[in-house]
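S.K.: Respectively, the protein sequence lines represent chains A and B. FYI, our numbering numbers position 444 of the first sequence as 1362, with every residue one higher than the one before it. FYI, our numbering numbers position 151 of the second sequence as 152, with every residue one higher than the one before it. Backbone N, C-alpha and C define an ideal beta-carbon position, used for all residues, glycine too. Sharing a structure below in structure tokens format, with a few things to ask.
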Amino acid sequence: MTSLLEADGVSKGFPGVQALSDMHLELRHNEVLALVGENGAGKSTLMKLLTGALAPDAGHFRLDGEALDPHRSRDISIIHQEFNLMPDLTVAQNVYIGREPRTLGMFVNERRLNERTGQLLDRLGLPLDPRALVKDLTVARQQMVEIAKALSHDARVLIMDEPTAALNDAEVEVLHGLIRRFTGPDSGVIYISHRMEELKRVSDRITVIRDGRFVGTVATAEAELPQIISMMVGRELNTGATPVNVREDRPPVLRIDHLSTKSLLRDISFEVREGEILGVAGLMGAGRTELARAIVGADPVSAGTISVRGRTVRIKNPARAAALRIGYLSEDRKQFGLLLDQSVAANIAISALGQKLSRAGFVDDTKVRITAEDAVRTLKIKTPGVRQEARYLSGGNQQKVVVARWLAKECDLLIVDEPTRGIDVGAKEEIYQLLNDLAAQGRSIVMISSELPEILRMAHRVLVMSGGRLRGELSAAEATQERIMHLATSGATG
Amino acid sequence: MIARLQQLWAFAGLIVISIAFVIATPMFGTYGNIVNILFSTVVIGLLALGTTFVIVTGGIDLSIGTGMALCAVMSGTFVVTWGLPWPVGVLLAVLFGGLIGLINGFSTARLGLPPFIATLATMLVAQGLALVVSESTPIYFNDAPGYLLLSTGTIIPEFPNAVLVLIAATAVAAVLLRKSVLGRYAFAMGSNEEATALSGIDVTRWKIAVYTLAGLFTGLAGVMISARLGSAQPATGAGYELQAIAAVVIGGTSLSGGKGSIVGTVIGALIISVLNNGLQLLSIPQEWQNVILGIVILIAVYADMARRRTAVL
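Structure representation (structure tokens):
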């Protein structure tokens, strides 16, 4: 039997990098195929070839045994990590954009548009109102709009790139149900994700790629996690170590008293000690990012006090926070982290430029280069050079660049918000190692994360938030997934 | 690297246009005419230098044209009406330009107005004030010969001082944009202002600094144009801002910010001057010169975009 979609001997090179060499991929009918690989393994390039955004140097694709012209094919639909939706339009307008039913060939027939969308949504079992504005929807629901849009084309192959990165557990369940419903004798799904537990649940087979090459495909039922990971990274990973408690007598670096904001946060108090990694757990919308932004002065505080090393301070903007040696790494590296069209060196140097890397207002380019090259070496950032524009780096390497920025600045306290979101296991390990090293040097880390295993593994102490309030504090010894989830879901409505 | 390529493109364009004119008219390539071209680049060049910084941050400054006229009038007021020694008058006029920039910076960075609106308002205010202060009559610098020599004098024989001023200003601007912390922050803000702020940079302060710097160049342009004309003409100025922006854009600086270079801007300004000069020599009427300039801008920016597209793929 022919496979649904097949890639054979596909290669693609860019100046200085061979992104794919002799790539092989097979998606069967009625199958969910998971595609995994480290950052920079070539997944994005493969997707771009499949959708016709790029042309391969060699090799070809076949759909049902016939040569596929990705440029013209409507059979393949991709849902990107970042949505392509117009927030000010309705669900229906987004789904049928460019294909609106018309009256007299000129006017959009809004009524029929909504009907048609309603039927589509019913068929897919999606709980959406065709008339709702996309900007009013939650991230999970916006993703549903993307899925509806993709399926309205009657696509046969659906590619999903990190679809669960921004979803909570319940939403993930809904998504997986949807995927199951979509796959049939005539269709299949390619599912790209870094969340290993998830692949177990949703996929039939797992294809691993590394350094632009096909490594192997295993049936999910027979696959063992360590096996997959070692296929991905080409080595075994040490994942065990649990954190030890930080001695209580270490002095607090940051102390928050009764902090509130107009929007969400209510009466939050805690402190961070020297050399401590403080985990902040909670569900989406619990107020974790808001807390970080309020502390560094990115958003206004309406009540409460912040003290740094025992002195009460007023932090009116992130520049003030930086002067107090507090750094903040946003969860959204593209929007709030990177300078995409600037060089890796410029991205790494930006925070430290004002003090360490300049003299009398002029930049010391030699120092900038050395700092950047050091960071590239220590953090193993994959880039042809420090002059490369940040946009050309893969997600994990971009994340390392933003981390490097704050290492160059030398903060006493670093607030990291979802530091490993969207990056692969190997790079995750390196980030963990780095945070541990920083803590061992006496720096303090506040780590906001949605991944409980990460919190449990890294944090000396865990704060749990929900509904803009602190719901509890657990020591490393007390913290378990169950206890955290219990606190995170407590009073979420009240 | 990409910026350099664009400079090569703009530079190649400049050479091609120049060669075409050399072939078309023997007068074009004479020493006298080349100096002429450089001389006529000074005012647009100075305005374009300052505005490059603003455009690199992703902003725009529409107030530089009439701002320049107001600075010229202020210079006339300081030197002629108040009778201050001309070097003091020059300094004050340049600082006055800085004050205009400071106001622009405050409106955009602190009050959060879009740069287009904020500087449009300043443009109108400056246009009006220039007429108010001068009572709508030109101020002549007849009693300040030193002032006039700033432009037409020749420290180097047969080479007007105005061109030296432009060269010096270019060097200063290039060093500031490429080597100073201010320049780096300008690029960073133009790339991603929010990310720059979260990196611990006080973007409000630095943006005000950028607009103020641009204002200083406007002030200098006001001094140079009045020195060249021998008078401060309160009703001139409008339209210069668009020529300056055109020079910046032809030079490969991106209007969306984050990309740009001083060398490109100077080449852009030279392309405009060469076109104006060459077409004049060929007795092509002023109206047609504008038509041709417009087309050149279209081609230059389209070529830049096309190149960028291929670079991404």
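Check this for me: beta carbons of A/G1255 and A/S1261, under 9 Å apart or not?
M.R.: Residue numbering aside, residue 1255 of chain A sits at position 337 when the first sequence is read from its first letter. Residue numbering aside, residue 1261 of chain A sits at position 343 when the first sequence is read from its first letter. Taking 9 Å as the Cβ cut-off, A/G1255 and A/S1261 do not qualify as a contacting pair.
S.K.: Measure from the C-beta of A/G1340 to each C-beta in chain B and report whether the shortest distance is under 9 Å.
M.R.: Within the first sequence, the letter at position 422 stands for residue 1340 of chain A. No, no contact with chain B.
S.K.: Taking only beta-carbon atoms, is A/A1241 less than 9 Å away from chain B?
M.R.: Start at 1 with the first residue of the first sequence, and residue 1241 of chain A comes out as number 323. Output row for A/A1241: interface = yes.
S.K.: Verify the CB distance criterion: does B/I268 have a CB-CB separation below 9 Å to chain A?
M.R.: As a first step, residue 268 of chain B is located in the second sequence; it is residue number 267 there, counting from the start. Answer no: the Cβ-Cβ gap between B/I268 and chain A never drops below 9 Å.
S.K.: So, using beta-carbon positions, are A/G1245 and A/C1329 closer together than 9 Å?
M.R.: Against the first sequence, residue 1245 of chain A aligns to sequence position 327. Against the first sequence, residue 1329 of chain A aligns to sequence position 411. Yes. Within cutoff.
S.K.: Specify, as a first and last residue, the run of the beta strand (DSSP E) that A/L964 falls within.
M.R.: Residue numbering aside, residue 964 of chain A sits at position 46 when the first sequence is read from its first letter. Careful: A/L964 lies outside any beta strand (DSSP E), inside the alpha helix (DSSP H) at 961-968.
S.K.: Go through its chain and collect everything with a Cβ distance to A/A1267's Cβ below 7 Å, but skip five positions before and after it.
M.R.: Numbered from 1 along the first sequence, position 349 holds the residue referred to as residue 1267 of chain A. Cβ within range, chain order: L1275, V1286, T1289, A1290, A1326.
S.K.: Ignore the nearest five residues each way along the sequence and tell me which others in B/V275's own chain have a CB closer than 8 Å to its CB.
M.R.: The residue labelled residue 275 of chain B in the question sits at position 274 within the second sequence. These residues qualify, in order along the chain: L15, I18, S19, F22, I38.
S.K.: So with CB distances below 8 Å, who are the chain B contacts of A/D1259?
M.R.: Sequence index remark: in the first sequence, residue 1259 of chain A carries index 341 (1-based). Neighbours of A/D1259 on chain B, chain order: S192, G259, K260.
S.K.: To the nearest angstrom, report how far apart A/L923 and A/I994 are at their CA atoms.
M.R.: In the first sequence, the residue the question calls residue 923 of chain A occupies position 5. In the first sequence, the residue the question calls residue 994 of chain A occupies position 76. Roughly 10 Å between the two C-alpha positions.
S.K.: If you compare alpha carbons, which of A/R1041, A/P974, A/H1094, A/F1100 is closest to A/K1118?
M.R.: By one-based count along the first sequence, residue 1118 of chain A stands at place 200. Cα-wise, what sits closest to A/K1118 is A/H1094.
S.K.: In terms of DSSP beta bridges, what is A/M941 paired with?
M.R.: Reading the first sequence from its first residue, position 23 is the one you call residue 941 of chain A. Paired residue(s): A/V928.
S.K.: Counting Cβ pairs closer than 8 Å, one from the segment 219-235 of chain B and one from the segment 145-156 of chain B, do we hit at least three?
M.R.: In short, these stretches touch, since the Cβ pair count reaches three.
S.K.: Could you say if the segment 954-964 of chain A and the segment 1126-1133 of chain A meet the contact criterion of at least three C-beta pairs nearer than 8 Å?
M.R.: Yes: the two stretches touch, three or more of their Cβ pairs being nearer than 8 Å.
S.K.: In the structure shown, what three-state DSSP assignment does B/Y303 receive?
M.R.: Reading the second sequence from its first residue, position 302 is the one you call residue 303 of chain B. DSSP places B/Y303 in helix when its eight states are reduced to three.
S.K.: For A/M1149, which of helix, strand or coil comes out of DSSP?
M.R.: Along the first sequence, read from residue 1 onward, the residue named residue 1149 of chain A stands at position 231. It is helical.
S.K.: Using the C-alpha atoms, what's the distance from A/M1403 back to A/A1394?
M.R.: Residue 1394 of chain A sits at position 476 when you count from the first residue of the first sequence. Residue 1403 of chain A sits at position 485 when you count from the first residue of the first sequence. Their Cα atoms are separated by approximately 15 Å.
S.K.: According to DSSP, what are the bridge partners of A/T1021?
M.R.: As a working mapping, residue 1021 of chain A is identified with position 103 in the first sequence. Partner(s): A/F1025.
S.K.: Under 8 Å by Cβ, that's how I've got B/A13 and B/T266 pegged, so tell me the actual separation to the nearest angstrom.
M.R.: Position 12 of the second sequence, counted from the start, is the residue given in the question as residue 13 of chain B. Position 265 of the second sequence, counted from the start, is the residue given in the question as residue 266 of chain B. At roughly 16 Å, the Cβ-Cβ gap does not stay under 8 Å, so B/A13 and B/T266 are not in contact.
S.K.: Would you tell me roughly how many angstroms separate the C-alpha atoms of A/G943 and A/G960, rounded to the nearest one?
M.R.: Numbered from its first residue, the first sequence carries residue 943 of chain A at position 25. Numbered from its first residue, the first sequence carries residue 960 of chain A at position 42. Checking the sequence, you will find Leu at residue 943 of chain A rather than Gly. Taking the straight line joining both Cα atoms gives about 12 Å.
S.K.: Relative to the C-alpha of B/P161, which candidate in B/A247, B/M225, B/S137, B/M69 has its C-alpha closest?
M.R.: Stepping through the second sequence from its first residue, residue 161 of chain B is reached at position 160. Cα-wise, what sits closest to B/P161 is B/M225.
S.K.: When the Cα atoms are used, what is the spatial distance from B/M2 to A/N1315?
M.R.: Taking the second sequence and counting its residues from 1, the one referred to as residue 2 of chain B is at position 1. Taking the first sequence and counting its residues from 1, the one referred to as residue 1315 of chain A is at position 397. In this prediction, B/M2 scores a pLDDT of 49, lower than 50, which makes its location untrustworthy; the coordinate-derived value is nonetheless stated afterwards. If I take the Cα positions, the gap works out to 21 Å.
S.K.: Is DSSP giving B/Y141 helix, strand or coil here?
M.R.: Residue numbering aside, residue 141 of chain B sits at position 140 when the second sequence is read from its first letter. B/Y141 falls in the strand class under three-state DSSP.
S.K.: Going by C-alpha distance, which of B/P158, B/T26, B/V173, B/P146 is nearest B/F218?
M.R.: Stepping through the second sequence from its first residue, residue 218 of chain B is reached at position 217. Ranking the options by Cα distance to B/F218, first place goes to B/V173.
S.K.: Given that A/V1281 touches chain B, what residues does it touch there, using C-beta distances under 9 Å?
M.R.: Against the first sequence, residue 1281 of chain A aligns to sequence position 363. Going along chain B in sequence order, the residues near A/V1281 (Cβ under 9 Å) are R179, K180, S181, V182, G184, R185.
S.K.: Is A/R864 helix, strand or coil by DSSP?
M.R.: Summary: the structure shown does not reach residue 864 of chain A, with chain A confined to residues 919 through 1412, and so no result is reported for it.
S.K.: Is the closest heavy atom of the ligand MN to the C-beta of B/N277 under 8 Å?
M.R.: For the structure depicted, the ligand MN is absent and the ligand set is empty, with no information on it obtainable.
S.K.: Express the C-alpha separation of B/L112 and B/T205 in angstroms, rounding to a whole number.
M.R.: On the second sequence, position 204 is the one that residue 205 of chain B refers to. On the second sequence, position 111 is the one that residue 112 of chain B refers to. Near 10 Å, if we compare the C-alpha coordinates of B/L112 and B/T205.
S.K.: Would you call the CB atoms of A/Q999 and A/G1340 closer than 9 Å?
M.R.: On the first sequence, position 81 is the one that residue 999 of chain A refers to. On the first sequence, position 422 is the one that residue 1340 of chain A refers to. Yes. Within cutoff.
S.K.: Out of A/L1085, A/M1078, A/D1217, which one is the CA nearest neighbour of A/I996?
M.R.: As a working note, residue 996 of chain A is residue 78 in the first sequence. When only C-alpha atoms are compared, the closest one is A/M1078.
S.K.: Let me know the secondary structure DSSP gives A/H1176 once reduced to three states.
M.R.: For this step, residue 1176 of chain A is matched to residue 258 along the first sequence. Strand, per DSSP.
S.K.: At 9 Å on the CB atoms, spell out the chain B contacts of A/S1268, in chain order.
M.R.: Here residue 1268 of chain A is taken as the residue at index 350 of the first sequence, counted from 1. Ser is not the amino acid found at residue 1268 of chain A; the sequence shown has Ile there. The answer, in chain order, is R185, Y186, A189, A196, T197, S200, G201, I202.
S.K.: Quick one: residues in its chain with C-beta nearer than 6 Å to the C-beta of B/G60, no 5 flanking neighbours on either side, listed in chain order?
M.R.: Along the second sequence, one-based indexing puts residue 60 of chain B at 59. Cβ neighbours of B/G60 beyond the five flanking positions: P116.
S.K.: Does DSSP classify A/Y1109 as helix, strand or coil?
M.R.: If you number the first sequence from 1, residue 1109 of chain A lands on position 191. Strand at A/Y1109.
S.K.: For A/S962, go through chain B and note every residue whose CB falls closer than 8 Å to its CB, in chain order.
M.R.: As a first step, residue 962 of chain A must be located in the first sequence, where it is residue number 44. Result: empty, since nearest Cβ-Cβ is about 13 Å, beyond 8 Å.
S.K.: For the structure I just gave you, are there three or more beta carbon pairs, one from the segment 67-86 of chain B and one from the segment 96-103 of chain B, closer than 8 Å?
M.R.: Yes, they touch.
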